[in-house]
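Sequential numbering of the sequence shown, starting at 17, is according to the working numbering. All C-beta atoms, glycine included, are put in the ideal place defined by N, C-alpha and C. Since we're looking at a predicted model, the values are computed, not measured. Here's the structure we're looking at; comments come further down.
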Amino acid sequence: IQAERNLDTSVKNDETHSVGGARSHYVKKNELHRVEANQIQAVKGGTEILTGKGKLDAAVEQYVIASGTKLRLVSGESAIELNANGKINLIGKEFNFFVEGDGYITTGGKLHLNTSGTQPGTTAPGSGHKGDIDAAVQEKFTPPEE
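Okay, here's the thing in structure tokens:
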């Protein structure tokens, strides 16, 4: 199908697409995707989303991020890692905890502070991380065939 101007379609009931091989989708300008009821996406393999600028995920109610083995939040010289076995690792150059009310640290064992020789439980991607992400985004935008 080729259109010299707009290509508008209207489906009065359900629509289904089935592709037996690979599928590529390229939009040169903006894309808007709206669903008035629920949306489910299921992928048997991995999923990769690369964004060249900012990204916002927001939920009016509960927002859950879940992983079966490990969840990592990384940016430059810092990282937070949540492991399925309950071990939590945090690495960075500085940190600041501030609360308006009471604050508590409770441990079932000893709380060790400033122990020499202790190695971090995880690593951060480093100062070149922003450039690495940008390069990965740019790599996906080779000129499309016309």
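From what residue to what residue does the alpha helix (DSSP H) around residue i run?
i: A95; result: No alpha helix (DSSP H) holds A95; the beta strand (DSSP E) holding it covers S94 to N99.
Distance, Cα to Cα, residue i vs residue j?
i: D150; j: T158; result: 14 Å
i: S91; j: D30; result: 42 Å
i: L87; j: S94; result: 14 Å
i: G102; j: G84; result: 12 Å
i: G147; j: K156; result: 15 Å
i: G125; j: G119; result: 19 Å
i: S132; j: V115; result: 28 Å
i: T67; j: Q154; result: 10 Å
Which residues mark the beginning and the end of the beta strand (DSSP E) in which residue i is found?
i: V153; result: Premise fails: V153 lies in the alpha helix (DSSP H), H145 to E155, not in any beta strand (DSSP E).
i: N105; result: I104 to I107
i: R88; result: K86 to S91
For residue i, count neighbouring C-beta atoms within 10 Å of its own C-beta (all shown protein chains included) and say buried if the count is 16 or more, exposed if not.
i: A152; result: exposed
i: E97; result: buried
Considering only residues of the same chain and omitting the five flanking positions on each side of residue i, which have a CB-CB separation below 7 Å?
i: I121; result: L127
Give the C-beta separation of residue i and residue j to the nearest angstrom, bearing in mind that I take them to be a contact with Cβ-Cβ under 8 Å.
i: I107; j: P141; result: Between P141 and I107 the Cβ distance is about 10 Å, and since that is not below 8 Å, they are no contact.
Once you ignore the five residues that flank residue i on each side, which residues in its own chain have a CB closer than 8 Å to its CB?
i: Q57; result: none
Looking only at its chain, what residues have a beta carbon closer than 6 Å to the beta carbon of residue i, apart from the 5 residues adjacent to it on each side?
i: N105; result: E97, G137 and T138
i: V43; result: none
i: K109; result: E93
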